[in-house]
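Going down the list, the sequences are from chains C and A.
Using the working numbering, the first residue of the first sequence is number 1, and each one after it goes up by one.
Using the working numbering, the first residue of the second sequence is number 1, and each one after it goes up by one.
Idealized CB from N, CA, C, for every residue including glycine.
Note that the structure is a prediction, hence the values are computed from the model and not measured.
These notes concern the structure reproduced below.
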Amino acid sequence: MKALYQRFCVLTCLALPMVAWAQEYQPKFSLTGKARGVYFADRYSSAGDTVTSPRSNSGHVMADLGMRLRPNSSTEVLAMVRVRNDYGGFWGSGVTFDLRQLQVKGLIQDRIRYTLGDVDYALTPFTFHRPGPLMAGILPTGMAQLQQNLAGYDAFITGNNTWRQQGGVVEFRTDFARGPRYADHSAFAFRQRAGFSGQATESWAIGGRTLWTLNDLSAIAPRVKVGLNYVGIQELAGTSAATDLYGNHVLTGDFYIVQQAKWLLQGELGSSSTQWVSGDQDADYMVDVKGVYWPKGKQSSLSLRYTEVGPDFYSPTAQTSPNIGGIAPAAFTRIGNSKSVREWTYLDLFRESNLYRYRWNSTLGSDNNTYLILDPKGLATPNRRRVTADFAGKALGVFYKVEGVWAQEIRGQGTEVLTQFSRVDLDLRWPSRLGHGVELRGLVRDQRAWRTNVGDDVPNTSYRLPWTSWSAKAYLNSDQTFSVEAGLLTLGHGGFAYDIIRNAENTVLDIRGGERSHQELLPNLCVNYTSSDQSTLTLGWLGSYVQTLDANYSIQNLYVLYAINF
Amino acid sequence: MCSMRLTSKIFATTLAALTIGFASCDRDLNPEGPALTDLYGTFKVKTGLVASQAQVNFANGESVYFTAETSISTDFVLTITGQTSGAIKRIEGKARTLDATNALWQGETSQFPTFQTEMCDVMLTYPGYPDTLYGSVQVLGTRIIDATILDDFENGMAPEWVKFIQTGANMKFTVQGGAPLAEGTSYYKMGGTVAWDWLIGMIEMPKSTFNSGAGFNLNSDAEQVYFNGVFRQLAGLDNAIILLQLREDDNGDGAYSEGNEDMWSVEIRPGATWELDSYKYSDLVTLVNGAASAAIGNGLHEPDKLHRVSILFLANPSSGYAECDTDMLCFTENAPLAL
């Protein structure tokens, strides 16, 4: 037994950072969190609209006060309370108190890290992965800052595609004397729905990941990592009178092989099985393989990726779309002389967190998205096979990236003829030393969907989504604390497309085709004062000019935003 | 070396698990949802309207279905009209092909009166398109009603009914004939003005006298039992209320004890045309002054303990004259009555 122990594995202390965490000086009590003050002065305008009030002002000041208690060297308690006061509330109904996060974490014998309570958690893109917000990565900096500090922060969006969950996580590392170098393990159990004494069926998500690093980085042999991932969602029998229970299980394996500064090969493959409440069952698989090549001596990279996600591959924790379609925005909810409900546009996504999904949705459902048609549910969007190629590098001081995606349905929707999709991105960045520093960026994205020759005079799918994003940022002083930025985002989609109407078990009930046209122009001009990495004061102007088949209006706003993380 | 074997085992286990996962996936590549050619193609009639048989005898348990085919799946309305009775059966749906699954007629009626032995015209229309297809079918025998019939009033009012009529003006509690008819050639009319009470009159069928004293003999499962009746009120009036009351002999002593045993009720407000109303026994509630309230007796729906059926004819005393007709009062099992 001892020999086996020595040969195979030695359960050592955790990853080095954990040990360091345990050993470095930690005060018994500290504060962490974020504070924010924001004010918007909106002006609405639409030709012929004599009913809608043209001005609307809103704003609040808010502090998330996280009290971090360390009763001993291996335990930490975090309780974060939100205090928010809408401007004008003044000790009255505008003041709200809420619990933002409650968490206990610690180390067991300096070896096993555990976290209980509110946890931000993510695994691989096909198992447990919150798709990023719409247009993540392409927004001009000023707009991205608005989105991150307002709606994104409130909706628990992190840069790591995590979902905010309630439950427990256990993590530890296994070191090996020979063979594999070490393996990192993570296991979780999150309660999704309480039973409420039999009124609902209790639901849990359990799973985890084990990632094995087989060798160290070296200039000679490629480094290899292999992983195994599992996520299971299960309604629990006996917690209510229900006997038909939902269950979803996703198992994938992934690998990562990299030859330092030469090439990379990574991939994931796996399968899912789903038991619906109706008794129906679905099972399917996915494959994702990506290769990257870095030409020697050149600041460039070339990558090629093939992804196939079966039409019945359901992984709700990776496929829930980030936004909720069909709900009305809070600002200028009804517009026009007929007081029609306004559909949310991208301007609303900067400010309104209720347009985001806070939780993953176990049944997926219809969720048609006019902004995204190729991958409305992220990389793990079911019923897609796609090839992605990109080339990135630097020339004449300009960083460039060209990416092309071609995708196709695997199973037809109402026909055997498959819809095709394409997306081409050209992204240019020019960081210049002009003055105290200038950053220029331009991104052009062309997306299309098409399907022809279905027969019997069925209209062709012919849909285009041309977007552009432009920004210029100039620093006004040598320590770059003051900057001015101009940005422009143009979003369009138009043509003939079909919405797929599904029930809660993803069965297609109806297919509704229609002509669409949507143009959105968002200019932005702002001045920033960044006193530290953690705090920014912004004074800006943001416009949204919208033209659709049903509406033609603009909303312009002046805003002040101060945000600080501490 | 052993570690390498361990690694190999891990790889093998992973591979095996994923292989099993893949092997269990039999990918269904049949298109999802309704065919686009059905939804958005060009409409054409491909096959005309045909009855599966030219003559049908519903009394023998026969049925007839109709066939037709169009190029796309579309809404259709199949209308069968009795040439003598004027009865109408309407079948609606959405399909590319009409067949026994969606265009079957078993002699029922959508719009009263009921069908007689007669020649019927059949018309098939497609809303949104001008095409209309015609056909015919002859009814040789009308459908047999499988029900515990309290009264169909075809032979006058059954003597088992206990009648109570208030003192008032223009009081009418009689069996009538003549158009508009519901089932058969007779129905029961209730009417009158009672300025001092909601109750205008009522009829009661006690278990002790029904079926020569044999009782109602209903199923004990309240989920399987339906009360059915055809009602209408005089066109131009909207004040008639039919209150159905089913009293149960919970303790089995042969009598209904007021205030101690269950009485299940439903309020019916008939429209101006004949309507067949059906109520599942288990859906009936206890009504006190028209509002749902706690059960009076043991709270169990027990059709086999039904003591008597009461049909009260009510109207707001300040609303003036009220008139209501009824026909085919019956219980059915497993499904509502189809006439």
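Can you tell me which of the options puts its alpha carbon nearest to the alpha carbon of residue i?
i, options, result
"Gly-232 of chain C", "C:Ile-206, C:Lys-225, C:Thr-213, C:Asp-216", "C:Ile-206"
"Ala-292 of chain A", "A:Lys-280, A:His-301, A:Glu-267", "A:Glu-267"
"Ala-407 of chain C", "C:Val-424, C:Tyr-314, C:Val-454", "C:Val-424"
"Ser-535 of chain C", "C:Leu-561, C:Leu-102, C:Thr-419, C:Ala-194", "C:Leu-561"
"Asp-99 of chain A", "A:Thr-117, A:Thr-326, A:Gly-48, A:Asn-316", "A:Gly-48"
"Gly-33 of chain A", "C:Thr-507, C:Glu-515, C:Leu-522, C:Val-527", "C:Thr-507"
"Ser-273 of chain C", "C:Gln-266, C:Ala-283, C:Leu-264, C:Gly-267", "C:Ala-283"
"Ser-321 of chain C", "C:Gly-297, C:Leu-396, C:Trp-360", "C:Trp-360"
"Ala-504 of chain C", "C:Ala-35, C:Pro-222, C:Gln-275", "C:Gln-275"
"Met-205 of chain A", "A:Ser-220, A:Tyr-187, A:Asp-238, A:Leu-244", "A:Leu-244"
"Gln-53 of chain A", "A:Thr-109, A:Glu-69, A:Leu-140", "A:Leu-140"
"Val-64 of chain A", "A:Thr-273, A:Gly-156, A:Gln-83, A:Leu-104", "A:Leu-104"
"Ser-318 of chain A", "A:Gly-41, A:Leu-199, A:Asp-146", "A:Leu-199"
"Gln-83 of chain A", "A:Phe-58, A:Ala-95, A:Gln-116, A:Asp-151", "A:Gln-116"
What does residue i pair with, by DSSP beta-bridge criteria?
i, result
"Val-458 of chain C", "According to DSSP, Val-458 of chain C bridges with nothing at all."
"Lys-172 of chain A", "A:Gly-191"
"Ser-272 of chain C", "C:Val-250, C:Asp-284"
"Leu-199 of chain A", "A:Leu-314"
"Pro-466 of chain C", "C:Asp-446"
"Gln-166 of chain C", "C:Asp-118"
"Arg-232 of chain A", "A:Asp-325"
"Asn-557 of chain C", "C:Asp-42, C:Leu-542"
Could you check if residue i is buried or exposed, using at least 16 other CB atoms within 10 Å of its CB as the buried criterion?
i, result
"Trp-196 of chain A", "exposed"
"Val-169 of chain C", "buried"
"Val-119 of chain C", "buried"
"Gly-271 of chain A", "exposed"
"Leu-567 of chain C", "Within the shown structure, residues of chain C are numbered from 1 to 566, placing residue 567 of chain C beyond reach of any answer."
"Pro-574 of chain C", "Residue 574 of chain C lies beyond the residue range present for chain C, which begins at 1 and ends at 566; the question has no answer from this structure."
"Met-119 of chain A", "exposed"
"Pro-130 of chain A", "exposed"
"Tyr-559 of chain C", "buried"
"Asn-334 of chain A", "exposed"
"Tyr-314 of chain C", "buried"
Would residue i pass as a contact of residue j if the rule is Cβ separation under 8 Å?
i, j, result
"Arg-441 of chain C", "Leu-428 of chain C", "yes"
"Phe-39 of chain A", "Gly-59 of chain C", "Per the sequence presented here, residue 39 of chain A reads as Leu, with Phe not at that position. The answer is no: Cβ separation not under 8 Å."
"Tyr-306 of chain C", "Val-387 of chain C", "yes"
"Gly-142 of chain C", "Asn-524 of chain C", "yes"
"Glu-62 of chain A", "Phe-76 of chain A", "no"
"Ser-71 of chain A", "Lys-89 of chain A", "no"
"Thr-127 of chain C", "Val-250 of chain C", "yes"
"Gly-227 of chain C", "Leu-211 of chain C", "yes"
"Val-122 of chain A", "Leu-78 of chain A", "yes"
"Ala-63 of chain C", "Ala-35 of chain C", "yes"
"Asp-266 of chain C", "Lys-296 of chain C", "According to the sequence displayed, residue 266 of chain C carries Gln and not Asp. No, Cβ-Cβ distance for Gln-266 of chain C and Lys-296 of chain C is not below 8 Å."
Output yes if chain A places a C-beta closer than 8 Å to the C-beta of residue i; else output no.
i, result
"Pro-578 of chain C", "In the structure as shown, chain C starts at 1 and stops at 566, and residue 578 of chain C therefore has no counterpart that could be examined."
"Thr-307 of chain C", "no"
"Arg-411 of chain C", "yes"
"Glu-416 of chain C", "yes"
"Gly-152 of chain C", "no"
"Ile-568 of chain C", "Here chain C has residues from 1 to 566 only, and residue 568 of chain C is not among them."
"Val-508 of chain C", "yes"
"Gly-393 of chain C", "no"
"Asp-479 of chain C", "no"
"Trp-21 of chain C", "Any reading at Trp-21 of chain C must be qualified, since the residue scores a pLDDT of 45, below 50, and its modelled position is unreliable; the value itself is stated next. Not closer than 8 Å to any Cβ of chain A, the Cβ of Trp-21 of chain C fails to qualify, so no."
"Gly-247 of chain C", "no"
"Gly-455 of chain C", "yes"
"Ile-327 of chain C", "no"
Hey, does residue i have any beta-carbon neighbour from chain C nearer than 8 Å?
i, result
"Glu-333 of chain A", "no"
"Val-95 of chain A", "What sits at residue 95 of chain A in the sequence shown is Ala, not Val. Not closer than 8 Å to any Cβ of chain C, the Cβ of Ala-95 of chain A fails to qualify, so no."
"Met-4 of chain A", "Residue placement at Met-4 of chain A is flagged as unreliable, the pLDDT there being 47, under the threshold of 50; a coordinate-derived value is accordingly withheld."
"Ser-257 of chain A", "no"
"Gln-70 of chain A", "A small correction: the amino acid at residue 70 of chain A is Thr; Gln does not occupy that position in the sequence shown. Answer no: the Cβ-Cβ gap between Thr-70 of chain A and chain C never drops below 8 Å."
"Gly-41 of chain A", "yes"
"Ala-295 of chain A", "no"
Do residue i and the ligand SAH come close, with the Cβ less than 7 Å from some heavy atom?
i, result
"Glu-416 of chain C", "Of the ligands one can find in the structure shown there are none, so the ligand SAH has no counterpart to examine."
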